Structure formats: C-alpha cells, structure tokens
Amino acid sequence: MNDHVRTPSSSQAPARQVALIGNPNTGKTTLFNRLCGLRARTANYPGSTAEMRIGRCDRGDQNLEIVDLPGIYGMDLDLPESRMCRDCLDGRLEETPDAILVVIDATAPARGISLAIAAIARRLPTVVALNMADLAARRGLSFDEERLASKLGVPVVAISGRTGRGMDALIEAIHKAIPGHAVLPLPSATNLERRAWIDEAIAESMGGHDAVGSGRDSVFDRLDKAFTHPILGLVVFVGVMGALFWTIFSLAGIPMDLIDVLFEKFGGLAAAILPEGPIRDLMVDGIIGGVAGTVVFLPQILILFFLLALLEDTGYLARAAFVMDRVMCRFGLPGQAFVPMLSSHACALPGIMSARLVPDRDDRLATILVAPFMSCTARLPVYVLLIGLLFDGSPWLAGFAFAGCYLLGAAAALISALIARRTILPGRSRPMVLELPAYRRPSIRNAILVSWDRGMVFLKNAGTIILGIVIVMWWLSAYPKAESPDAAIALRTEAAEVMTADPVHSEELEAQAERIELNAQQSGSFAGQIGTLAQPLFAPLGADRTLTVGILTSFLAREVFVSSLAVLQGGGSDVDDDESVLTLVRDAKRPDGSRLFNTATAASMLVFFVLAMQCLPTLAVTRRETGSWKWPALQFAWMTGLAWVFSAIVFAVVTASTTA
Numbered sequence: 000m001n002d003h004v005r006t007p008s009s010s011q012a013p014a015r016q017v018a019l020i021g022n023p024n025t026g027k028t029t030l031f032n033r034l035c036g037l038r039a040r041t042a043n044y045p046g047s048t049a050e051m052r053i054g055r056c057d058r059g060d061q062n063l064e065i066v067d068l069p070g071i072y073g074m075d076l077d078l079p080e081s082r083m084c085r086d087c088l089d090g091r092l093e094e095t096p097d098a099i100l101v102v103i104d105a106t107a108p109a110r111g112i113s114l115a116i117a118a119i120a121r122r123l124p125t126v127v128a129l130n131m132a133d134l135a136a137r138r139g140l141s142f143d144e145e146r147l148a149s150k151l152g153v154p155v156v157a158i159s160g161r162t163g164r165g166m167d168a169l170i171e172a173i174h175k176a177i178p179g180h181a182v183l184p185l186p187s188a189t190n191l192e193r194r195a196w197i198d199e200a201i202a203e204s205m206g207g208h209d210a211v212g213s214g215r216d217s218v219f220d221r222l223d224k225a226f227t228h229p230i231l232g233l234v235v236f237v238g239v240m241g242a243l244f245w246t247i248f249s250l251a252g253i254p255m256d257l258i259d260v261l262f263e264k265f266g267g268l269a270a271a272i273l274p275e276g277p278i279r280d281l282m283v284d285g286i287i288g289g290v291a292g293t294v295v296f297l298p299q300i301l302i303l304f305f306l307l308a309l310l311e312d313t314g315y316l317a318r319a320a321f322v323m324d325r326v327m328c329r330f331g332l333p334g335q336a337f338v339p340m341l342s343s344h345a346c347a348l349p350g351i352m353s354a355r356l357v358p359d360r361d362d363r364l365a366t367i368l369v370a371p372f373m374s375c376t377a378r379l380p381v382y383v384l385l386i387g388l389l390f391d392g393s394p395w396l397a398g399f400a401f402a403g404c405y406l407l408g409a410a411a412a413l414i415s416a417l418i419a420r421r422t423i424l425p426g427r428s429r430p431m432v433l434e435l436p437a438y439r440r441p442s443i444r445n446a447i448l449v450s451w452d453r454g455m456v457f458l459k460n461a462g463t464i465i466l467g468i469v470i471v472m473w474w475l476s477a478y479p480k481a482e483s484p485d486a487a488i489a490l491r492t493e494a495a496e497v498m499t500a501d502p503v504h505s506e507e508l509e510a511q512a513e514r515i516e517l518n519a520q521q522s523g524s525f526a527g528q529i530g531t532l533a534q535p536l537f538a539p540l541g542a543d544r545t546l547t548v549g550i551l552t553s554f555l556a557r558e559v560f561v562s563s564l565a566v567l568q569g570g571g572s573d574v575d576d577d578e579s580v581l582t583l584v585r586d587a588k589r590p591d592g593s594r595l596f597n598t599a600t601a602a603s604m605l606v607f608f609v610l611a612m613q614c615l616p617t618l619a620v621t622r623r624e625t626g627s628w629k630w631p632a633l634q635f636a637w638m639t640g641l642a643w644v645f646s647a648i649v650f651a652v653v654t655a656s657t658t659a
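Residue numbers (numbering that gives the first Met the number 0): 0 to 659.
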C-alpha cells in the first residue's frame with residue numbers, strides 16, 4: 000500500500016483517515032461508493048491478493064479519507080482479510096487510522112455488534128452505522144439508536160447506503176467521535192458471555208424485542224427453499240447464469256464492434272499523418288493495435304461486473320454459491336468458484352478478475368489457474384475453422400463436436416483443480432460457512448460504480464503489461480525486413496501494364512503481390528525463424544513450419560491463428576468470411592504436395608486449441624491478480640503441456656486408424 004500517502008493540498012484541510020470495516024453483505028461497499036463516488040483507487044495488501052479501496056469524501060470543511068477494508072466475520076480469524084484489518088487498525092501498514100467506522104446490517108445486527116466490540120476495544124474513535132435501516136423498518140424492526148450508543152459507548156447512526164439516508168449525520172458523528180468508554184465484554188469472556196451481552200444490547204435498543212427472525216416474510220422463506228434446493232436451486236442457477244451471459248454476449252457485441260471501428264479509424268489516421276517507416280509501423284501495428292486488443296474486452300468486463308454487483312446486492316449470489324458448493328467441493332473448489340469459471344466462457348479476463356468472490360487464498364488461486372480452460376469467445380473462430388474441416392457437410396456432427404470442445408475444457412478445468420489441490424495447493428476446499436444476507440433491492444448506482452472501478456483497474460494494470468508484450472511481438476514479426484520476392488515484383492510489373500485496360504485485374508495482381516510480400520516477411524522475420532526452429536517440437540502434432548508459425552503467433556491471441564493461416568496461404572490478413580478461409584485452408588498444400596490439414600492434423604489442432612494457454616492478456620491478468628509471475632508461468636506450462644500431450648495422442652491415434 001505504498002501508494003497510499005496522505006498528502007493534502009494546501010487548499011484542502013487535512014483529511015481524517017477512517018477505516019471502514021464490516022461483515023460481508025452488510026452494504027459496506029455500497030456505503031463507500033455513496034460517500035466517495037468515483038474518487039477512489041485500489042491498493043493491494045503487501046504479499047496478498049486482498050485489496051483495500053481508498054476514497055475521498057469532502058463535504059464543506061469536513062474532509063475524510065476512507066479506507067474500505069475487506070468484509071470479515073471476525074477480527075481474530077486466521078484469514079488474509081482479517082489480518083489485513085488488524086494490521087490497518089493497529090498501524091502496521093502505515094499510520095493508525097484516525098477513526099473506525101463499523102457497518103452493521105440493521106436486519107441482522109448480532110454478528111455486526113460482535114465485530115464492533117472488537118473494533119471499540121482498540122480504543123480508537125469509533126462510529127457504528129446501522130445500514131439498511133429502511134429495509135429493517137419495512138420488516139418491522141426498529142432501533143433506539145441512543146440506547147444502543149449508550150450500551151456500546153460510541154455514536155450509532157441509522158443510515159441507508161442505497162438511498163443516502165443519514166449520510167450527513169454519519170459524517171458529523173465521525174468528526175466528533177472519541178474512543179469508546181462503555182464497559183464491554185473482556186477479551187477473555189466466553190462466547191456465551193459475549194453472546195449474552197450482545198443479545199441484551201439488542202433487546203434494550205429494540206425495546207425488549209428480539210431481532211432474530213422478526214419481520215421475516217414468508218415469501219422470502221419460500222424463495223430460500225427454492226434457491227437453496229439441491230435440484231431446483233441448480234435449475235434456477237443455470238437459468239440465472241444463462242440469462243447473465245446471454246446478456247453479456249448480446250450487449251457487448253455493439254460496443255466491442257464500435258471500439259474496433261474507432262481504433263481502426265485511429266490507426267488509419269495515424270498511418271495517414273505519420274511518414275512511412277518504422278515509427279509509423281510501431282504506432283499503427285504495435286501500439287494502437289496492442290491497445291485495441293486490450294480495450295476491446297472492456298465492454299464484457301463492465302457488463303459482467305455490473306450484473307454481478309446487482310446479483311450480489313439482491314442477496315442471490317450468496318445463495319447460488321451455497322448451491323454450487325455441493326458440486327464444486329468434490330473437485331477441491333468452493334461454490335463461489337463457479338461464477339468465475341462460468342464467466343470465463345465469455346472471456347477469461349473477467350472470469351479471473353471475478354475470482355475475487357472466492358474468499359480463501361488457495362481456493363482463489365486454484366480457480367484462477369483453471370479458469371482459462373473454459374472455452375472463451377476467442378476460441379470460436381478456431382473451432383469454426385477446424386470443425387468445418389473435420390465435419391464439412393455434417394452439421395449434426397459439427398454441433399456435437401462444438402459441444403464436445405466446451406465439455407472437454409470444463410472437464411480439464413475440474414480435473415486440473417483436483418490435481419492442484421492435492422499437489423501444489425494441498426488441502427481440501429474449506430467448508431463454506433455462509434450467512435445468507437437479506438433480500439434487498441439492488442442499487443443501480445452502486446453497480447455502475449463497482450463496474451467502473453473494476454474496468455479502470457483492468458485498463459490500468461493489465462493494459463500496461465499487455466502493451467509491452469504486444470510491442471515485443473510486433474518487433475519480432477516485423478524484423479528483419481525482407482526484400483520483395485521476384486514473384487511479387489513480377490506481379491506488380493504486370494499490374495502496372497494492365498492498369499489501363501483492366502483496372503480490376505490490376506488490383507487483384509497488386510493484392511497477390513502484397514500477400515506474397517507478407518508471406519515472405521512472416522517467413523523471414525525473427526518470429527518466422529523461431530517458427531522454423533520450433534517446428535520439430537510441434538511435428539508430433541502434425542504441424543509443419545506454416546502451422547508452427549500459426550501456432551506461435553496464436554500465443555498472442557488465439558484468434559490470430561485463423562488470420563495467420565490466411566496470410567501464410569495467400570489469403571490476406573483481411574479475410575473475414577469463414578467460408579473463404581475454410582476453402583483456402585482446405586486446399587492448402589505442404590511443400591511435399593500433401594494437404595496441410597488432413598483429418599489427424601485437424602483433430603490434433605482442435606484438441607490443442609481447446610486445452611492450450613494462448614492468450615497473453617490472460618497471463619498478464621493472472622500475474623496481476625496473484626501478485627507473482629510464478630502462477631502465470633505454471634498456468635502456461637501446465638495448460639500448454641497438457642495440450643501438447645493430448646494433441647500428440649490424438650494425432651497418433653487418428654493417423655493409425657486412417658492408415659489401417
């Protein structure tokens with residue numbers, strides 16, 4: 000958290016630093032977004048993937064710097080989130096905060112009061128916020144804030160982070176807060192003694208009424224029975240997730256296309272302004288192209304986290320995790336891992352980022368490592384090409400093969416997770432102890448702020464790493480510059496001769512010459528030379544030099560494989576029609592005159608692309624989420640090694656069966 004230094008400008012009063020703590024699902028993040036809006040940044044806890052958000056709240060002459068700490072169930076638990084809260088409150092990260100703000104769910108206050116007691120015991124100025132007071136009132140629950148404040152010895156303010164009720168009173172209370180002075184249960188008190196004290200405090204503040212179970216609507220009981228049922232709950236979950244990803248696919252397409260068009264126009268403008276040469280090539284093909292390849296994923300990420308924030312606000316996401324825990328725990332993963340894995344069907348980047356929903360470190364690492372096995376949209380062009388080669392004219396078989404690709408990826412993910420939990424991440428997935436939150440109306444404002452925050456984190460952290468990698472890859476493919484082949488010179492000469500008589504044919508000849516030059520450049524570049532050297536490694540998969548270059552370029556992004564083959568076979572990099580590419584590749588020949596893609600090679604390549612790690616942005620995000628290059632290196636080695644082994648087996652088996 001080295002970037003977190005309080006340096007107020009001379010025009011601003013020094014900000015009072017406030018540590019914001021609370022149980023999960025108490026609306027803590029909603030309150031943070033209500034107070035700080037977009038004036039927030041994210042910082043990592045040193046040596047951990049746990050995060051804190053730091054925001055500024057300025058109202059008149061009252062300036063607050065709020066540190067939103069992870070949700071915890073107890074201050075003394077041996078979890079990264081609990082350690083992070085202890086270190087922050089005790090001043091072991093930087094300075095001791097000026098005050099503590101404890102958020103309590105007014106509909107279920109007992110656990111929150113227990114956390115408040117632990118915070119007050121640190122003798123720092125403390126304020127308790129009874130969040131969701133409006134929801135509690137609708138359920139027939141009412142608190143005497145003064146009585147509870149007298150019992151705790153600190154100010155208590157009823158608020159609603161969703162509507163903004165009580166914000167001014169809360170900020171005023173924070174500025175006036177002093178260390179608690181009430182007689183609280185001693186740290187040595189037994190759990191029964193502590194619970195009795197909490198129950199007494201709740202009863203006194205509610206006029207003798209018990210909060211547990213009061214105001215509970217039978218409709219919510221029936222919803223819980225459906226959402227947590229072993230079978231019906233799975234059906235509901237599949238329906239909800241299906242609708243979520245249908246929405247992502249439906250809504251993200253237009254902005255993604257728009258981003259493509261904007262960057263294409265920007266690249267064209269740069270090409271027109273800059274003089275021809277390496278600087279223009281670097282700007283257009285390297286920097287602009289690399290940034291476009293990153294930003295194009297932004298709509299999916301924004302929509303995914305917006306929808307997940309809505310689901311979490313309603314309280315459904317916790318119930319979905321409870322249902323999926325029964326299935327996922329058999330493979331060493333918790334129920335929360337299902338959402339990141341399902342998210343990866345849209346794109347592994349938001350899938351890995353949403354693994355933050357998984358609270359345990361080892362569970363989270365296992366989820367991140369296996370999420371890229373799920374078939375994402377970038378694999379679809381490759382699937383279409385290879386399945387079209389294998390099952391041309393058999394749509395039913397092609398459909399089954401398509402479904403098989405998804406099933407193979409999912410099976411590889413689950414089995415890999417099981418292996419990881421028995422080797423590098425030993426131990427079983429922790430049993431999920433989950434307090435189901437109350438059903439709530441989601442906050443659109445909060446969902447927008449959450450998605451915006453995650454999107455900006457993605458652009459800032461992943462984008463910079465990806466850009467550097469893309470520039471290196473561009474340089475490898477652009478140098479050394481190849482001389483124009485004699486065949487290309489002859490075609491250009493012929494094009495000039497027939498330009499007046501047949502301009503259409505002249506353009507075709509120019510295009511052929513350009514494709515030959517591109518082929519020569521790709522073959523003679525450093526990337527092409529590496530492909531020639533690496534060909535023996537991929538020979539057991541049925542790949543020649545051309546396919547090897549295509550495979551190597553696909554490690555930048557899987558979908559590059561299709562355009563690379565089109566260029567190498569003279570189809571041009573702008574071939575977008577699947578049929579024309581399919582025909583071009585089907586008719587492609589090797590130097591010995593045999594088909595580039597026979598049945599064995601096509602099947603082998605299909606298995607390879609289902610299992611291999613071929614996405615540099617995914618590796619960059621894995622590094623960002625884990626805080627180390629060790630995990631993306633392991634992820635790459637395991638997935639690609641597994642892909643190579645199974646592809647070699649498929650090639651050998653299919654070759655033997657077709658020649659028998």
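Glycine included, every Cβ here is placed at the ideal spot set by N, Cα and C.
Remember, it's a predicted structure, so these values are computed and weren't measured experimentally.
* Asked: Between the C-alpha atoms of residue 247 and residue 258, what's the straight-line distance to the nearest angstrom?
  -> 16 Å
* Contact set for residue 422: own chain, Cβ-Cβ below 7 Å, skip 5 residues either direction -> none
* Asked: What separation, rounded to the nearest whole angstrom, lies between the Cα atoms of residue 617 and residue 134?
  -> Answer to the nearest angstrom: the Cα atoms are 41 Å apart.
* With a Cβ-Cβ cutoff of 8 Å, do residue 331 and residue 320 count as a contact? -> no
* Which two residues bound the contiguous alpha helix (DSSP H) that contains residue 15? -> Per DSSP, residue 15 belongs to no alpha helix (DSSP H); it is in the beta strand (DSSP E), 15-21.
* Straight-line Cα distance separating residue 290 from residue 272 -> 19 Å
* To do: Kindly identify the DSSP beta-bridge partner or partners of residue 639.
  => BP columns for residue 639 are empty, so no partner.
* By Cβ distance below 7 Å, which residues in the same chain neighbour residue 282 in space, the five residues on each side in sequence not counted? -> 269 and 273
* Asked: Under 8 Å between the Cβ atoms of residue 511 and residue 490?
  -> yes
* Who pairs with residue 65 in a beta bridge, going by DSSP? -> Looking at the DSSP assignment, residue 65 forms a beta bridge with 17 and 54.
* To do: Answer with buried or exposed for residue 504, where buried requires no fewer than 16 other C-beta atoms within 10 angstroms of its C-beta.
  => exposed
* Between which two residues does the alpha helix (DSSP H) harbouring residue 552 extend? -> Residue 552 -> alpha helix (DSSP H) spans 544-553.
* Asked: In its own chain, which residues sit with a C-beta less than 8 Å from the C-beta of residue 279, not counting the 5 before and 5 after it?
  -> 269, 270 and 273
* Asked: For the beta strand (DSSP E) that contains residue 538, what are its first and last residues?
  -> Residue 538 -> no beta strand (DSSP E), and no H or E assigned at all.
* **Beta-carbon spacing of residue 156, residue 125 below 8 Å** => no
* For the stretch 644-656 and the stretch 598-605, state whether three or more C-beta atom pairs, one from each stretch, are separated by less than 8 Å. => Yes: the two stretches touch, three or more of their Cβ pairs being nearer than 8 Å.
* Asked: Whose C-alpha, out of 456, 476, 480 and 517, is nearest the C-alpha of residue 486?
  -> 517
* Environment of residue 392 [buried if 16+ CB atoms lie within 10 Å] -> exposed
* First and last residue of the uninterrupted alpha helix (DSSP H) at residue 130 -> Taken as a continuous stretch (DSSP letters only), residue 130 belongs to no alpha helix (DSSP H), being part of the beta strand (DSSP E) at 125-130.
* **Enclosing beta strand (DSSP E) for residue 100 [first to last residue]** => The continuous beta strand (DSSP E) containing residue 100 extends over residues 98-104.
* To do: Can you tell me which of 375, 428 and 394 puts its alpha carbon nearest to the alpha carbon of residue 336?
  => 428
* What's the C-alpha gap between residue 236 and residue 377? -> 25 Å
* Endpoints, the beta strand (DSSP E) within which residue 157 is located -> Where residue 157 is concerned, the enclosing beta strand (DSSP E) starts and stops at 155-157.
* Among 167, 74, 314 and 197, which residue has its Cα nearest to the Cα of residue 118? -> 74
* Boundaries of the alpha helix (DSSP H) in which residue 143 is found, first to last residue -> Where residue 143 is concerned, there is no enclosing alpha helix (DSSP H), given that its DSSP letter is neither H nor E.
* Spatial distance of residue 456 from residue 508 (CA atoms) -> Rounded to the nearest whole angstrom, the C-alpha separation of residue 456 and residue 508 is 47 Å.
* Asked: So, using beta-carbon positions, are residue 450 and residue 478 closer together than 8 Å?
  -> no
* To do: Compare the C-alpha of residue 641 against each of 410, 22 and 317 and name the closest.
  => That would be 410, whose Cα lies nearest to the Cα of residue 641.
* Check whether residue 304 and residue 453 have beta carbons under 8 Å apart -> Taking 8 Å as the Cβ cut-off, residue 304 and residue 453 qualify as a contacting pair.
* **Beta-ladder partner(s) of residue 164, from DSSP** => 159
* Asked: What are the boundary residues of the alpha helix (DSSP H) that residue 85 is part of?
  -> 79-88
* Asked: Beta-carbon separation of residue 314 and residue 439 under 8 Å?
  -> Cβ atoms of residue 314 and residue 439: closer than 8 Å.
* To do: With DSSP as the reference, please indicate the residues paired to residue 178 in a beta bridge.
  => 124
* Tell me where the alpha helix (DSSP H) around residue 676 begins and ends. => Because the chain in this structure spans residues 0 to 659, residue 676 falls outside the shown range and cannot be described.
* Asked: Rounded C-beta distance between residue 107 and residue 312? I'm assuming under 8 Å.
  -> Actually they are not in contact, since the Cβ atoms of residue 107 and residue 312 sit about 16 Å apart, beyond 8 Å.
* **Minimum C-alpha distance to residue 308 - residue among 658, 355, 276 and 264** => 355
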